[in-house]
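Mapping the first sequence onto my numbering, position 56 (from 1) lands on 1187, and the numbers just tick up by one. Beta carbons are placed, not taken as given, at the ideal position from N, Cα and C, and that holds for glycine. Worksheet for the structure shown next.
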Amino acid sequence: MKRTRVRFAPSPTGPLHMGGVRTALYNYLYAKKNGGDFTIRIEDTDSHRFVPGAEEYIIKSLRWCGIIPDEGVDENGKVVSTPSAKHPHAPYRQSERRSIYRKYADQLVEAGWAYYAFDSAEELEKCRAAAESAGQTFIYNSGTRGALRNSLTLPADEVATLLETTTDWTVRFKMPEGRVVEMDDLIRGHVSVDTSTLDDKVLWKRADELPTYHLANIVDDHLMEITEVIRGEEWLPSLPLHYLLYEAFGWERPRFAHLPLLLKPVGNGKLSKRDGDKMGFPVFPLNWQNSEGETYHGYREDGYFPEAFVNLLAMLGWNPGTEQELFSMDELIDAFSIDKVSKSGAKFNPDKAKWYNREYLRMKSSEELAQLFIPVLEAHGISGADPAYVLKVVELIRERATFVEDFWTIAPYLFIAPSEYAAYGVSMVPKPDPSKPIDPRAKVYDESLTAPFVAKDSEKFWSAEIYAMALEASRQGEAMEDYIRAKEWPIGKVMNLIRLGLTGSASGLGVLQIAALIGPEEVERRMKYIAERLA
RNA sequence: GCUGGGUUCGUAUAACGGUUAGUACUCAAGAUUCUCAAUCUUGCAAUAUGGGUUCGAUUCCCGUACCCAGUACCA
């Protein structure tokens, strides 16, 4: 039995988005499930589209997710360029493997599976334009190659000269005529394609002496002893070519699995990097800044736990057939099975993503969450917070939080006094009730506190009354509820007013809980402040 | 256009010829409460469509519609 070996082969043309991470994850799960190796190979055969920093970003992203390669371009942050016991197949970057591919391209030409093509890009462009104006599509294949400039049509000596003297020729695959390629896909089952619909793909380019994806991919997968190729659905159309390439080389081919695409949450089409910022969710694992200085949001920076991100990604297009939804990486490895991967594209649901994060947040201990919360507090200018106090806050808020950041956004007033009051809250302060006139001179409450209201106008009597009750009640500390009930005051109204004073907001945590946390002196201070502000 | 792939509640999916078509997210209502969340309970909501095959089709076959991908000297 051959050892299972899979690879994740990204192209460093930009940041890896969540669809790419999912592809890597499924490869990783498959490898680990089968006790095999997960390798990373960088497919940088397109010299024009190389983006600095992209490769590093990809490796860092996968590491954040806990997807650690057994073998590959980078381990522990350093470049692996020369073969070693641990890295027998190095280098893992195709640009560093340049010298390998030429001989395979030539081998195919010698065997009659490929030929040299001398058509310039402009000539081909002309062919395409001509076909298009005739309402057809130009295909470089058995139907057209006889009329084009290549080693099949040109005399041998001219071919030899061109090979020597020009530098823009290519090696093209000679797509056989009239064959039906029968293929098997681990996810889709049997697929067949007629070769007459396929074209003579470029395999190798003299201009930069680099192979194209197709050649490099097959050669490297073979050399690296890959047993299963698990990749995105966009590769399904080139599967016949890849099958034929294995046949041409006489190599045993790996098994293939084409994963469904990740689709945008609303509307049609696949998830693109713009969708996230438009719809308010990240599409990248980590923040990414492009060359124009624009930053794209990352799951990490938006507060997602890597375990939650991995979990939600795993469940997009795969499911174990049970009702379990929460999986650790080890559980995923244990449950993973490629034939449970669905065939259709999965629309990403940001709400569900948040749900996953909340579930993971709830699984963490309050101590751990408090630890994570400290830096958030510091970022908001709260330094040197008492760890015991922070822990109490976390315990009070944890059930309502989705992200660690929420510990701050839900109740900043547990750390700083409110300076503004929500308009809605202020509007809820009771208005005068004509049917229930209050005697402004009643001496039930502290006159110094009710005075501002009484002095202004009778319209505010009722408000003043409530303020006075709230102030009085707030002085009772944690006993305020009993006090209010004993006095038979309208508990909801009084409590809401105290909450407004304490938090600046019309809704939120329990008043008693807030009072207990911030302490009686702070309660008094805040209540006096609101009395002055709203007078 | 052509070639290939896909199609179960709004979303992710379960049901590998026989179920009142299940679950989760979202949404709605109720309970609870000093408010808001959380929580609990209940509810709304799906087999794209037309033909076959079969005693019986979500499930198998064919057509149609729609969606997606590919159609580069990009991956």
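Rounded to the nearest angstrom, what separates residue i and residue j at their Cα positions?
i            : j            : result
residue 1185 : residue 1650 : 51 Å
residue 1174 : residue 1204 : 11 Å
residue 1336 : residue 1301 : 5 Å
residue 1623 : residue 1629 : 10 Å
residue 1176 : residue 1640 : 57 Å
residue 1432 : residue 1625 : 40 Å
residue 1310 : residue 1376 : 14 Å
residue 1233 : residue 1339 : 11 Å
residue 1131 : residue 1380 : Residue 1131 is absent from the structure shown; the chain starts at 1132 and stops at 1666.
residue 1604 : residue 1611 : 5 Å
residue 1244 : residue 1236 : 9 Å
residue 1159 : residue 1171 : 10 Å
residue 1322 : residue 1313 : 6 Å
residue 1504 : residue 1633 : 22 Å
residue 1220 : residue 1151 : 23 Å
residue 1616 : residue 1493 : 35 Å
residue 1283 : residue 1240 : 11 Å
residue 1586 : residue 1595 : At residue 1586 the pLDDT is 39, less than 50, meaning the model places this residue with poor confidence and gives no usable figure here.
residue 1363 : residue 1403 : 15 Å
residue 1187 : residue 1415 : 14 Å
residue 1201 : residue 1190 : 13 Å
residue 1653 : residue 1551 : 16 Å
residue 1572 : residue 1411 : Because the pLDDT of residue 1572 is 39, which lies under 50, any placement of that residue in the model is unreliable, and the number read from its coordinates should be weighed accordingly. One C-alpha to the other measures close to 55 Å.
residue 1409 : residue 1358 : 40 Å
residue 1589 : residue 1618 : Because residue 1589 carries a pLDDT of 43, less than 50, the predicted location of this residue cannot be relied on, and no value is offered for it.
Give the DSSP-derived three-state secondary structure of residue i in the structure shown.
i            : result
residue 1152 : helix
residue 1600 : helix
residue 1300 : coil
residue 1135 : coil
residue 1147 : coil
residue 1314 : strand
residue 1295 : helix
residue 1222 : coil
residue 1174 : coil
residue 1497 : helix
residue 1488 : helix
residue 1323 : strand
residue 1189 : helix
residue 1361 : strand
residue 1278 : helix
residue 1535 : coil
residue 1380 : helix
residue 1671 : This structure does not reach residue 1671, given that the chain is present from 1132 up to 1666, and the question cannot be answered.
Looking at C-alpha atoms only, which residue of the options is the closest neighbour of residue i?
i            : options                   : result
residue 1655 : 1598, 1636, 1344 and 1270 : 1598
residue 1520 : 1644, 1153 and 1227       : 1644
residue 1475 : 1365, 1258, 1353 and 1382 : 1365
residue 1306 : 1436, 1325, 1362 and 1142 : 1325
residue 1253 : 1245, 1410 and 1279       : 1279
residue 1330 : 1343, 1408 and 1372       : 1372
residue 1534 : 1421, 1489, 1549 and 1525 : 1489
residue 1459 : 1447, 1602 and 1439       : 1439
residue 1238 : 1155, 1304 and 1202       : 1304
residue 1149 : 1235, 1634, 1406 and 1507 : 1406
residue 1259 : 1249, 1271 and 1248       : 1271
residue 1548 : 1477, 1631, 1523 and 1517 : 1631
residue 1648 : 1396, 1658, 1608 and 1189 : 1608
residue 1400 : 1151, 1477 and 1546       : 1477
residue 1516 : 1487, 1525 and 1546       : 1546
residue 1229 : 1348, 1193 and 1155       : 1348
residue 1501 : 1507, 1491, 1487 and 1522 : 1522
residue 1368 : 1246, 1332 and 1352       : 1332
residue 1181 : 1308, 1198 and 1142       : 1142
residue 1374 : 1525, 1621 and 1353       : 1353
residue 1667 : 1292, 1224 and 1225       : With the chain covering 1132 to 1666 only, the question about residue 1667 has no answer from this structure.
residue 1487 : 1461, 1663, 1518 and 1455 : 1455
Checklist entry - Can we say the stretch 1529-1540 touches the stretch 1494-1504, given the rule of at least three CB pairs closer than 8 Å? => result yes
Item to check | Three-pair Cβ contact test at 8 Å for the stretch 1306-1323 versus the stretch 1377-1396 | outcome: yes
Checklist entry - Along the chain, which unbroken stretches of the alpha helix (DSSP H) at least 4 residues long are found entirely within the stretch 1384-1470? => result 1404-1410, 1437-1445 and 1460-1466
Checklist entry - Which ranges would you report for the beta strand (DSSP E) in the stretch 1235-1272 if only whole runs of at least 3 residues count? => result 1245-1248
Checklist entry - Does the stretch 1158-1170 come within contact of the stretch 1454-1469, defined as at least 3 CB pairs closer than 8 Å? => result yes
Checklist entry - Okay, do the stretch 1504-1511 and the stretch 1536-1544 touch, 3+ Cβ pairs below 8 Å being the bar? => result yes
Next on the checklist: Which runs of the alpha helix (DSSP H) at least 4 residues long sit entirely within the stretch 1613-1655? Give them in chain order.
Outcome noted: 1622-1634 and 1642-1649
Next on the checklist: Within 8 Å, do at least three Cβ pairs link the stretch 1208-1227 to the stretch 1259-1270?
Outcome noted: no
Next on the checklist: Does the contact criterion of 3 or more C-beta pairs under 8 Å hold for the stretch 1271-1288 versus the stretch 1343-1350?
Outcome noted: no
Checklist entry - Looking at C-beta atoms only, is the number of pairs between the stretch 1441-1457 and the stretch 1478-1488 that lie closer than 8 Å three or more? => result yes
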